[in-house]
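Heads up, the sequence shown is in the UniProt record's numbering, so the first residue is 1 and it goes up one at a time.
Don't be surprised by glycine CBs; every beta carbon is placed ideally from N, CA and C.
Heads up, the thing below is written out as structure tokens.
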Amino acid sequence: MMTNWDDIYDPSRPNNYEEYKQSDEKIREVRDWKDRLYAHRMARQPSSDYDSDDDYYQPKNRQFAPPPYNFAPPPGLNDTSQGGLDSDREAQDKEVEMADTDYQPAPPPAAITDDATGEDAYARRLQINQQPPAPSDPPPPPPPEPPTTGTPSMSVFQPASATISRAPVRYVLPPPPEDIPATEEELEATFAEEEPVQKEEGDAPRSLRPGQQGFAERLMAKYGWTKGSGLGATGSGIVNPLQVKVQKQKKKPDSEGGGFAMPPGRGKIIASKKKTEEGGKFGDMTEVIVLHGMVDGLDLDAELENSEGGGLMQEIGEECNEKYGRVERVFIHRESNGPIPVFVKFTAQLSALRAVNALEGRVFNGNMITARFYDTEKFENGVYQKQWRKDHPFGFYAKPNRNPQGVLDMKKWECEYPTKPPKCKFVPPLFHPNVYPSGTVCLSILNEEEAWKPAITIKQILLGVQDLLDDPNPESPAQAEAYNLFKKDRTAYERRTTPPMADNNCTKSKSGPGGRNASYLIGHPDVQKFKPTALRMAKALRHRGPDWSGSFIENKTILAHERLSIVGVDTGSQPLVNDDKSIALAVNGEIYNHRILRKSLELSYNYKTHSDCEVIIPLYMKYGLDAPKHLDGMFSWVLFDAKEDRVVAARDPIGITSFYQGWSSQTPGAVYFASELKSLHPVCDKIIAFPPGHVYDSKTDTMKRYFEPTYWDPTRVPSTPIDYKLLRETFERSVRKRLMAEVPYGVLLSGGLDSSLVASIAQRETLRTRSHQADDTEAEESGLVGIDDTDDLSNVTVMAKLHSFSIGLPDAPDTHAALEVAKFLGTKHHAFTFTIEDGLNALSDVIYHLETYDVTTIRASTPMYLLSRKIKALGVKMVLSGEGSDEIFGGYLYFHAAPNKEEFHAETVRRVKNLHLADCLRANKSTSAWGLEARVPFLDKQFLETAMNIDPKEKMITKDRIEKYILRKAFDTTDEPDVAPYLPDNILWRQKEQFSDGVGYGWIDGLKDNAELHVTDEMMKNPKPEWGTDIPDSKEAYWYRMMFDEQFPPYCAGTVERWVPTWSKQSDPSGRAISTHNAKYQNAV
1 MMTNWDDIYD PSRPNNYEEY KQSDEKIREV RDWKDRLYAH RMARQPSSDY DSDDDYYQPK
61 NRQFAPPPYN FAPPPGLNDT SQGGLDSDRE AQDKEVEMAD TDYQPAPPPA AITDDATGED
121 AYARRLQINQ QPPAPSDPPP PPPPEPPTTG TPSMSVFQPA SATISRAPVR YVLPPPPEDI
181 PATEEELEAT FAEEEPVQKE EGDAPRSLRP GQQGFAERLM AKYGWTKGSG LGATGSGIVN
241 PLQVKVQKQK KKPDSEGGGF AMPPGRGKII ASKKKTEEGG KFGDMTEVIV LHGMVDGLDL
301 DAELENSEGG GLMQEIGEEC NEKYGRVERV FIHRESNGPI PVFVKFTAQL SALRAVNALE
361 GRVFNGNMIT ARFYDTEKFE NGVYQKQWRK DHPFGFYAKP NRNPQGVLDM KKWECEYPTK
421 PPKCKFVPPL FHPNVYPSGT VCLSILNEEE AWKPAITIKQ ILLGVQDLLD DPNPESPAQA
481 EAYNLFKKDR TAYERRTTPP MADNNCTKSK SGPGGRNASY LIGHPDVQKF KPTALRMAKA
541 LRHRGPDWSG SFIENKTILA HERLSIVGVD TGSQPLVNDD KSIALAVNGE IYNHRILRKS
601 LELSYNYKTH SDCEVIIPLY MKYGLDAPKH LDGMFSWVLF DAKEDRVVAA RDPIGITSFY
661 QGWSSQTPGA VYFASELKSL HPVCDKIIAF PPGHVYDSKT DTMKRYFEPT YWDPTRVPST
721 PIDYKLLRET FERSVRKRLM AEVPYGVLLS GGLDSSLVAS IAQRETLRTR SHQADDTEAE
781 ESGLVGIDDT DDLSNVTVMA KLHSFSIGLP DAPDTHAALE VAKFLGTKHH AFTFTIEDGL
841 NALSDVIYHL ETYDVTTIRA STPMYLLSRK IKALGVKMVL SGEGSDEIFG GYLYFHAAPN
901 KEEFHAETVR RVKNLHLADC LRANKSTSAW GLEARVPFLD KQFLETAMNI DPKEKMITKD
961 RIEKYILRKA FDTTDEPDVA PYLPDNILWR QKEQFSDGVG YGWIDGLKDN AELHVTDEMM
1021 KNPKPEWGTD IPDSKEAYWY RMMFDEQFPP YCAGTVERWV PTWSKQSDPS GRAISTHNAK
1081 YQNAV
């Protein structure tokens, strides 16, 4: 029978000697040797050779190494026969007696049990110290006589006073397999019988010869290695098994004395090629990282020279030291020709690795950070520019300046790139809508006043130009003939251009102003001095409005604006001003009834743009502080009236767009407004969420409510009977209003009731608009889009097909439902997936953009944040979403527990009032993080008035009525054969699924599991004192709060409200924590 050496050699099982080294017996033996050595040294105290204790140094610490004796066991140690043991002991006893005949040492101390307890060890050492000292000059013992048997005695290896308290442990090897040859002759005979094997295939018997073919591969396969891959967790190790080859001896030349250059028999390792390495995402790993973009826009002179306690570098060092590992040095290279890099040197590469992974893509001061490893040697030698030039090739223009005498000064050079964008030009000029007649390319990243940044590489510029050639941008025309042909006759345009240009979603696009923007205002006593800071703070909001930046300064007021253009694309730049510039306006939002207001206002006003927002100026001129009452839309705006030196700010009735107000103790009297906290907290030490439905007046420094609907008082319980037709028509009108756009749009489709109804109506309106496209000349002539006084929608953007979007973990319940709805409606659906790791990696950024630590909001916002990025990459700028329905109709599963209709109604009112801190905040900030706008039809003023005044008895959940029954019934056309169904029945009557659950049940479970790794029980018992009474009730909530505190000061927490279900004993806000959920938790109540 042939022996399989792979089975005999098991690398995962240590041999007997390894077991022995790790055994308790081995540890006790070493400990005994140390004790004996210590006792031996104590017995040999120095005599008169040392005059004082100071002259003789005794180490106080024990030496953790065995004494230099030979520890080889005597022959016969493994002999298990009793006779052998007894004979060895008798021989040793005789030798000890012979050695001790002439010299008798002091009697040994009483035996102490050899226990490993602390008390026994202490007693042993105390007794040893109490022994009388040995004679100062003891006679040397006679040398031991040589043993007669030829076997060394144990007395050679241990002191005479040593005793062996018990028999040693013996390690017996297992018997060898029977089929292994016992002698060398038998092995040679076995080899002779074997036939030489050139190549082993399949299950052929393997040879007993050493070095058999394939042994190394089979051995590595036991550890999970597969052929062709590299060893190690990252697969970066060797690919092929190592081989050793004897090197041929090299001779020395006769001039060097001849002979050989190396000794014979030396070998070298071959076939050790590693898997091809690309340096990783961040380059070759070192202790030094370089951060680009971190300090762009900062006043480094002020930050570094006028700072106390180390300033900016100290802050960077402390944060990195706390989060990633010990920092050795931080350096900001202010003399850089390009973006100023920040270098951080850690003491360990692992710390640097943690830092680049965490900091890559992080937003700091409104800038996106790029993190890379940097060569340590170059850093220590002061070479800071090479890395920059590696990514930015020397393709830039540079020339020496001339002095006043006209002579070239070789010491002063003018370098345009990367400080300024390069000039890209086609020679001869190209026929293209975005190429000027001179041949210059019209591209935003090549415009110094738009999107140019020194960090943009030549490669990125070329890719941007290529994308522009493939997909012309009609919103930024540069060549009249090409633009007109492109807009009017796409087929003729494609015939004229080579290669043909890619089609775009807009078959008809007329430029106009307006749009959705991120606005920011400051009323400051020294506004000119404060302007650079104000612009930097506005830049922190550029992710919300990447299309344009604008500012306005007058008296003590500055308005700064970052624009996302959706309506009035070419003429709606903000801030907007009237003819004499006595009124300036910055708006974030959409005014859906702007066409109606323009027609109805009996006021002579010269409109300069097609913007939907410009109507606010004449509205203010006529109605003053009551102007917001007349607006139908979502908005937050600030208006400056120079004639009255007055600032007016307002927010929409529900708070769909985010808006904050702040004050600073350093500048009393100044008032600050912004769309997000991150813009305010660098200068403000008090910040509030601007209340929805309110208007602020700087003349009185007061805030008053302008929105006073009939349902606002929760104690007033409505009694209006349900009108299903009115409910349906009002909601259809609400969706129609929100299709006002001049850019591609889509719908968020989770597959739930709310988003599916929005998608269904949006698809119907899109098809209707497309069929009436030829008759809609008013919008083309006036340049205005939106609804008119007959509720008819005019759009210059006609979608060939409505796009719908969903996201979820693989096999998520919402994804299946969304695909079914999209197929039923006929939309072009994009079903994106994400992994739990994708979500976890984005958590810190999600909290930065959402500016909250509420568990429910973060759970739902993370998938929405990831989805928004995908949508924006497809060129879509606006989407419709289904937020608000659950608050209006009591759709959350915990409403099952409502005791009566009065409390049911009061809870719906409370939820609607707090939407700006929950679902509206999520929808607005998750999408705005990527320059995408979300519109919410359920929160239309007119629809709210209709739905919230229905008798709450109709909304209550019973055994016969599922949640949101009246909304489902309003769109159930079973009894209307002449009306096409809005949705499939199984979707129309599908149970409520919260978005954070619907993306995949594993998402919330994954968040909880990771929170357990980051938050200990001890941390839960000791919350931070500055949290006051706002104590997290779960490790997940604690984890989010810690991430929030890393990015925002403590006073920003006052703008956060936790979403907690009413009438529920569960602290977990998931719908699965409610017992009525079809996939409820085991502990659901």
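- The straight-line gap separating the alpha-carbon atoms of E614 and L932 is approximately 22 Å.
- Inter-residue distance for V1056 and E708 is about 24 Å (C-alpha atoms, whole angstroms).
- At a Cβ-Cβ threshold of 8 Å, H694 and I687 do not count as neighbours.
- In terms of Cα proximity to D612, the closest of I596, S928, V288 and P339 is I596.
- In the displayed model, E494 falls within a helix according to three-state DSSP.
- Secondary structure at L748: strand, using DSSP grouped into helix, strand and coil.
- If only uninterrupted alpha helix (DSSP H) runs of at least 4 residues are considered, those enclosed by the segment 646 to 688 are 677 to 680.
- In the structure shown, F260 adopts extended strand secondary structure according to DSSP, grouped into three states.
- In this chain, the beta strand (DSSP E) harbouring T557 covers T557 to L564.
- Between the C-alpha atoms of P810 and S582 there is a straight-line separation of about 56 Å.
- Counting every other CB atom within 10 Å of its CB across the protein chains shown gives D985 a total below 16, marking it as exposed.
- Annotation: the continuous beta strand (DSSP E) that includes R935 extends over E933 to R935.
- Listed in chain order, the non-local C-beta contacts of L485 below 8 Å within the same chain comprise A492, Y493 and R496, local neighbours out to five positions each way being set aside.
- Straight-line spacing of the CA atoms in K323 and W663 works out to 31 Å.
- For the 8 Å CB-CB criterion, S885 and S806 do not form a contact.
- Linking P952 to L893 through their CA atoms gives a straight-line distance of about 16 Å.
- Within the DSSP secondary-structure output, M703 pairs in a beta bridge with Y696.
- Distances from the alpha-carbon of D701 to those of S351, V671, V717 and G283 put V671 closest.
- Membership of N588 in the beta strand (DSSP E) is indicated by the continuous run I583 to I591.
- The alpha-carbon separation between R922 and S336 amounts to approximately 40 Å.
- Apart from the 5 residues on each side of it in sequence, G283 sits with its Cβ closer than 6 Å to the Cβ of R372 and F373 in its chain, given in chain order.
- The beta carbon of V743 is closer than 6 Å to those of I566 and K877 in its chain, skipping five residues each way along the sequence.
- Beta-bridge partners of S1064 (DSSP): none assigned.
- Annotation: R544 to S698 spans about 26 Å, alpha carbon to alpha carbon.
- Taking a cut-off of 8 Å on C-beta distances, the segment 709 to 722 touches the segment 934 to 954, as three or more cross pairs fall below it.
- Three or more beta-carbon pairs separated by less than 8 Å are not found between the segment 911 to 920 and the segment 964 to 974, which leaves the two stretches without contact.
- Positions of the alpha helix (DSSP H) runs, each at least 4 residues long and wholly inside the segment 942 to 1008, are given as 965 to 970, 985 to 988 and 995 to 998 in order along the chain.
- Look at I787 here: in three-state DSSP terms it is strand.
- Of the candidates E887, D579, V683 and G1002, the residue whose Cα lies closest to the Cα of P1049 is V683.
- Out of Y620, A540 and K1008, the CA that lies nearest to the CA of E602 is found in Y620.
- In its chain, beyond the 5 residues on either side, A906 and V909 have a beta carbon closer than 6 Å to the beta carbon of P714.
- Taking all protein chains shown into account, T790 has fewer than 16 neighbouring C-beta atoms within 10 Å of its C-beta and is therefore exposed.
- Annotated as proximal: L312 and E303, with beta-carbon spacing under 8 Å.
- Setting aside the 5 residues that flank it on each side, T347 is surrounded in the same chain by E287, G325, R326, V327 and E328, each with a C-beta closer than 8 Å to its C-beta; the list follows chain order.
- In the DSSP assignment, L639 forms a beta bridge with L585 and V648.
- By the Cβ rule, the segment 760 to 773 does not count as touching the segment 573 to 587, because fewer than three pairs are nearer than 8 Å.
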